[in-house]
Amino acid sequence: MPISSLRRHGLLAGVLLVTAGSTLAADWSDNSIGYRYGTRFAEPYNSQDISKNILNFQHASGYKYGTNFLNVDLLMSDRKDDNAQEAYLTYRHTLDLGKISGRDLSFGPARGVGLTLGLDWNTKNDNSYASKKRMWVIGPTLMMDVPGFLNVSVLALFESNQPKGVSSRYRYDTHPMLNLAWGIPLGTSGWAFEGYMNYIAAKGKNEFGGATAPELNFDGQLMYDVGTAMGLGKNTFRLGLEYQYWRNKFGNPGNVPGSLAKTPMVRAEYHF
Numbered sequence: 625m626p627i628s629s630l631r632r633h634g635l636l637a638g639v640l641l642v643t644a645g646s647t648l649a650a651d652w653s654d655n656s657i658g659y660r661y662g663t664r665f666a667e668p669y670n671s672q673d674i675s676k677n678i679l680n681f682q683h684a685s686g687y688k689y690g691t692n693f694l695n696v697d698l699l700m701s702d703r704k705d706d707n708a709q710e711a712y713l714t715y716r717h718t719l720d721l722g723k724i725s726g727r728d729l730s731f732g733p734a735r736g737v738g739l740t741l742g743l744d745w746n747t748k749n750d751n752s753y754a755s756k757k758r759m760w761v762i763g764p765t766l767m768m769d770v771p772g773f774l775n776v777s778v779l780a781l782f783e784s785n786q787p788k789g790v791s792s793r794y795r796y797d798t799h800p801m802l803n804l805a806w807g808i809p810l811g812t813s814g815w816a817f818e819g820y821m822n823y824i825a826a827k828g829k830n831e832f833g834g835a836t837a838p839e840l841n842f843d844g845q846l847m848y849d850v851g852t853a854m855g856l857g858k859n860t861f862r863l864g865l866e867y868q869y870w871r872n873k874f875g876n877p878g879n880v881p882g883s884l885a886k887t888p889m890v891r892a893e894y895h896f
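Each position in the sequence shown, counted from 1, maps to that position plus 624 in my numbering.
Right, dumping it as C-alpha cells:
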C-alpha cells in the first residue's frame, strides 16, 4: 500500500477510535437485536432467488459533539447460495460542526452540518466469490430539520477486497457516494418510516479487469411500535415490513445475472 494511503487510513482509524470512545459519555443511546427474512435476495452471477435469515445488532448514540451508528448483520443463505454465512459491519460517526465550533450552522431546510467518518467490513464463505470487503468513508453531512432525522451525506469511498482467485488485496478507484439515512415517525400512529438510500458511482475496473457500473441501493422499512400495546414500553418491541431495491449490486453491470435485487422482507426488533 502506498505511504499516502497508509497515512490516510491511519488517520481515519485514529479519529474513529477517538470518536468511538465518546459513546462512554453518551447523552442518549439505543441498542437493538433484530431478525429479518426474505426469499428473493440476489447475488451477482447467480440467477436464482435466494432465501436468507438475517440476525442483527444495532447501536445508535449521541453525545455533546455528534452521533455514533453501528450495525452488524449475520446473513445466512440457503443452498442456492452455498448455504453461505456472511458477516457485515457498518460504523458511522458524525461530528456536528456547529456544536464543535459553537456556531449556528443551520440554513434553509438544514438544522446543522456535520462531518461523517466510518468503515464497512465484511467476510463471506460462499464457494465462488467469498468477499472480504474493507472500506473507509469520509465526507460532509447535512442534518435536515424534520421529525426524527434525515441525514444527507456525500462520502468518498476507499474500498478494497480480496475474494477467491485474487492473490493480494485489490483497491478500487476512490469513488463518491450520495447517502440518505432517515427515521421519521408517522405522527402518533406508532408507525415509523426508516431506511437508507445509496447512489454509488462506478469504481473503475474490478479485480478481474472488468468494468464497474454505478449502483443504487434503496432499503425502506415500515415499522410499528408493538411494545406500547403489549405494555413493554415505547418502541421496545417493533414489527414491520422491509423492501430493498438494489440495482447493479456491488457495481456489477446490469447484464450480469443477479445484479438486480427486489427483496421484500419481514422484520422484528427488540430494543434495550
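The beta-carbon is built from N, C-alpha and C at its ideal position, and this holds for glycine as well. Because the structure is a prediction, the values reported are computed rather than measured.
Alpha-carbon spacing of residue i relative to residue j, whole angstroms
i, j, result
"residue 654", "residue 683", "6 angstroms"
"residue 760", "residue 744", "7 angstroms"
"residue 656", "residue 846", "16 angstroms"
"residue 865", "residue 665", "15 angstroms"
"residue 795", "residue 823", "20 angstroms"
"residue 888", "residue 711", "20 angstroms"
"residue 678", "residue 893", "12 angstroms"
"residue 747", "residue 754", "7 angstroms"
"residue 836", "residue 718", "29 angstroms"
"residue 885", "residue 700", "17 angstroms"
"residue 798", "residue 832", "17 angstroms"
"residue 896", "residue 854", "15 angstroms"
"residue 891", "residue 781", "29 angstroms"
"residue 783", "residue 742", "12 angstroms"
"residue 959", "residue 649", "In the structure displayed, the chain extends from 625 to 896; residue 959 sits before or after that span and is not available."
"residue 791", "residue 750", "17 angstroms"
"residue 870", "residue 735", "30 angstroms"
"residue 788", "residue 856", "47 angstroms"
"residue 704", "residue 860", "35 angstroms"
"residue 868", "residue 817", "14 angstroms"
"residue 714", "residue 813", "30 angstroms"
"residue 716", "residue 803", "12 angstroms"
"residue 841", "residue 673", "18 angstroms"
"residue 839", "residue 793", "22 angstroms"
Beta-carbon gap between residue i and residue j smaller than 7 angstroms
i, j, result
"residue 651", "residue 690", "no"
"residue 607", "residue 706", "Since the first and last residues shown for the chain are 625 and 896, residue 607 lies out of range."
"residue 806", "residue 848", "no"
"residue 756", "residue 709", "no"
"residue 801", "residue 774", "no"
"residue 882", "residue 669", "yes"
"residue 771", "residue 809", "yes"
"residue 843", "residue 811", "no"
"residue 740", "residue 763", "yes"
"residue 768", "residue 738", "no"
"residue 880", "residue 863", "no"
"residue 777", "residue 765", "yes"
"residue 680", "residue 658", "yes"
Proximity test, residue i beta-carbon vs the ligand MN heavy atom, cut-off 6 angstroms
i, result
"residue 650", "This structure does not include the ligand MN; it has no bound ligands of any sort."
According to DSSP, residues forming a beta bridge with residue i
i, result
"residue 817", "808, 846"
"residue 831", "Looking at the DSSP assignment, residue 831 forms no beta bridge with any residue, so it has no partner."
"residue 802", "778, 823"
"residue 719", "690, 739"
"residue 891", "660, 864"
"residue 795", "784"
"residue 886", "869"
Self-check item: Every unbroken alpha helix (DSSP H) within the stretch 836-868, with a cutoff of 4 residues, ordered by chain
Solution: 850-853
Quiz item: Along the chain, which unbroken stretches of the beta strand (DSSP E) at least 3 residues long are found entirely within the stretch 723-788?
Solution: 734-748, 758-768, 773-785
Exercise. Give a yes or no on contact between the stretch 823-841 and the stretch 861-877, applying the rule of three or more CB pairs nearer than 8 angstroms.
Key: With a cut-off of 8 angstroms, the stretch 861-877 and the stretch 823-841 count as touching, because enough Cβ pairs lie within range.
Quiz item: Does the pairing of the stretch 719-734 with the stretch 692-700 give three or more beta-carbon distances under 8 angstroms?
Solution: no
Quiz prompt | Runs of beta strand (DSSP E) lying entirely within the stretch 644-710, each at least 3 residues, in chain order | solution = 652-667, 670-687, 690-701
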